[in-house]
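Take a look at the structure below.
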Amino acid sequence: MSKIKYFIQQSWLLIVASFCFGLLIAVTNAALSPRIQQNEKDKLNNLMRSLISDANDFQIAIEQVEIPAEKGRVQTTDVYKALGDDGRCAGFAFIAVGSGFADKIKLVIAVDGKCEKFFGFKVLSSNETPGFGSKIADDDPESDEDFADQFKAAPAQALELIKTSKIEIIKKIDSQIVAISGATVSSDAVVKIFNTYTDKIREQLRQKGLIGSGKQQ
Amino acid sequence: MANSSESRTELYGQTFIAGLWRENPVFRLLLGMCPTLAVTAAVKPALTMGCCVIFVLLCSNIIVSLMRNLLKPHLRILMFALTISTFVTIADLFLKAFQPRMSEVLGPYVPLIIVNCIIICRAEACASKNTLFVSIIDAIGMGLGFTLTLCVLAGIRELLSTGKIFELQIMPDAFVPWAAMSMPVGAFITLGLLLALVNALTKRQKT
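Residue numbers (our numbering), protein chains in the order written: chain A, 135 to 351; chain B, 423 to 629.
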């Protein structure tokens with residue numbers, strides 16, 4: 135009995151404080167979580183909308199598509215269907231994750247309604263080296279040499295990373311992607327993410343009857 | 423009576439000034455080096471981090487000062503950690519809700535305020551031994567000192583790495599951005615030079 139009394143004497147403040155602080159965090163979390171979730175949703179929608187210009191609304195087409203990741207792990211992603219003004223499918227978008235130079239790179243990738251060509255990608259989060267790897271996110275409309283521009287209208291098939299400084303090759307739209315000078319690892323990471331996800335997503339879209347035999351659903 | 427009131431005002435003034443210069447957490451105490459080096463690539467994240475630290479420091483100092491007479495010596499660090507982590511979590515949630523862009527830029531450095539030495543140092547050295555009012559002044563002084571230091575460091579780095587501050591072009595068009603300044607190497611060099619400058623100024627003050 136005296137042991138219990140000693141324990142309570144010593145730790146009552148800690149127990150009371152833990153309870154009060156826990157309650158404070160729970161209340162704050164309950165009050166702010168709808169706004170936080172909305173922020174995340176808005177960000178994703180804005181990125182998808184900037185990739186698929188015809189899109190009016192987005193809805194989840196396939197949930198939890200399993201993608202093989204490094205070291206035998208499996209990661210999942212949702213595939214979003216972009217709906218145009220007349221309700222027809224304007225394309226598909228999904229979040230893709232892979233290892234970059236410094237940290238994980240999280241991209242939003244968009245493909246057309248037949249999954250035949252890419253609309254491009256946007257960086258959802260990355261921690262690549264500023265001034266070098268960070269150029270994967272550069273999207274300057276005045277620049278001819280943007281890395282991200284090479285993915286726009288590129289065929290939705292296995293992409294290949296090459297190294298050259300010839301501007302005509304950079305501007306050419308095909309499955310060859312020219313690496314960013316000084317950021318080969320980051321460039322390669324983006325191409326690998328595309329190659330890892332594209333086939334799996336196409337396969338799933340075909341299985342669900344969302345694409346295939348030239349007809350759109 | 424007048425004497426005691428004057429000495430109290432002087433104490434409050436000195437406590438406030440201490441954080442800004444004499445005991446500046448970064449330049450004089452060399453505390454909180456992790457965020458100082460990590461989030462000072464631009465002024466906006468540095469300012470946001472500074473505001474978060476002021477909030478956490480203020481709240482933790484208030485709570486620690488209020489319960490200073492109830493603290494058991496062997497449990498005090500645990501209580502400090504509990505208090506600090508609560509307010510850091512709240513700051514992180516507010517940032518995610520109202521400043522999502524900044525929350526992304528600061529990444530793990532907001533939750534890492536929990537282990538920021540400045541806050542635990544002020545809880546131990548000031549709030550657990552002083553009255554509520556002194557603790558509040560100390561928190562504001564130290565927090566502002568930290569924020570100003572971060573902003574100075576970030577201002578220099580952002581200016582040299584982009585030619586801009588707060589998206590405003592400051593440097594002439596001919597200026598070639600110095601990308602290294604936005605990388606860790608730039609943080610170390612700038613901090614080292616500023617520390618040398620502060621040391622030189624302090625030495626001159628003493629002599």
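Think of the CB as a built atom: it goes at the ideal place given N, C-alpha and C, for glycine as much as any other residue.
First and last residue of the uninterrupted beta strand (DSSP E) at residue i
i, result
"I296 (chain A)", "E294 to I296"
Residue i, enclosing alpha helix (DSSP H) - first and last residue
i, result
"C543 (chain B)", "C539 to R544"
"N446 (chain B)", "Counting along the chain, N446 (chain B) falls outside any alpha helix (DSSP H), and DSSP gives it neither H nor E."
"V150 (chain A)", "S136 to L185"
"P457 (chain B)", "M455 to A460"
Within 8 Å, strictly: CB atoms of residue i and residue j
i, j, result
"F255 (chain A)", "A216 (chain A)", "no"
"I327 (chain A)", "Q310 (chain A)", "no"
"F235 (chain A)", "T263 (chain A)", "yes"
"I194 (chain A)", "K342 (chain A)", "no"
"L582 (chain B)", "M603 (chain B)", "yes"
"P522 (chain B)", "N173 (chain A)", "yes"
"V478 (chain B)", "A468 (chain B)", "no"
"S427 (chain B)", "L493 (chain B)", "no"
"G563 (chain B)", "L442 (chain B)", "yes"
"S487 (chain B)", "N538 (chain B)", "no"
"F226 (chain A)", "V245 (chain A)", "yes"
"V465 (chain B)", "I587 (chain B)", "yes"
"N180 (chain A)", "G218 (chain A)", "no"
"G265 (chain A)", "A601 (chain B)", "yes"
"L158 (chain A)", "T629 (chain B)", "no"
"E526 (chain B)", "S259 (chain A)", "yes"
"T162 (chain A)", "I535 (chain B)", "no"
"N329 (chain A)", "L293 (chain A)", "yes"
"A317 (chain A)", "K286 (chain A)", "no"
"M593 (chain B)", "L147 (chain A)", "no"
Rounded distance between the beta-carbons of residue j and residue i, thought under 8 Å
i, j, result
"Y331 (chain A)", "I201 (chain A)", "6 Å"
"C249 (chain A)", "L339 (chain A)", "6 Å"
"I314 (chain A)", "F281 (chain A)", "5 Å"
"K334 (chain A)", "V199 (chain A)", "6 Å"
"F252 (chain A)", "A290 (chain A)", "5 Å"
"T571 (chain B)", "F449 (chain B)", "6 Å"
"F597 (chain B)", "G585 (chain B)", "5 Å"
"L504 (chain B)", "S152 (chain A)", "6 Å"
"T298 (chain A)", "V312 (chain A)", "6 Å"
"T560 (chain B)", "C548 (chain B)", "The identity of residue 560 (chain B) in the sequence shown is Asp, whereas the question assumes Thr. Right, the Cβ-Cβ distance comes to about 4 Å (below 8 Å), so this counts as a contact."
Just list the beta strand (DSSP E) runs in the stretch 194-282 of chain A, keeping only unbroken ones of 3 residues or longer that don't cross its boundaries, in chain order.
208-217, 223-233, 238-245 and 252-259
3 or more residues per run - each beta strand (DSSP E) lying fully within the stretch 299-336 of chain A:
310-312
Under 8 Å, with one C-beta from each stretch per pair, do the stretch 308-325 of chain A and the stretch 230-243 of chain A reach the 3-pair mark?
yes
Counting pairs of Cβ atoms below 8 Å between the stretch 478-486 of chain B and the stretch 525-542 of chain B, do you hit three or more?
yes
Identify every run of the alpha helix (DSSP H) within the stretch 525-605 of chain B, keeping only runs that are complete inside it and at least 4 residues long; order them along the chain.
539-544 and 554-584
Contiguous alpha helix (DSSP H) assignments of at least 4 residues, all confined to the stretch 476-522 of chain B:
498-520
Between the stretch 604-622 of chain B and the stretch 450-469 of chain B, do three or more beta carbon pairs fall short of 8 Å?
yes
Please determine if the stretch 516-534 of chain B and the stretch 571-582 of chain B are in contact, where contact requires at least 3 C-beta pairs separated by less than 8 Å.
no
Taking contact to mean 3 or more Cβ pairs, one atom from each stretch, closer than 8 Å, check whether the stretch 460-479 of chain B and the stretch 492-503 of chain B are in contact.
no
Given 8 Å as the limit, is there contact between the stretch 554-561 of chain B and the stretch 430-441 of chain B, that is, 3 or more CB pairs closer than that?
yes
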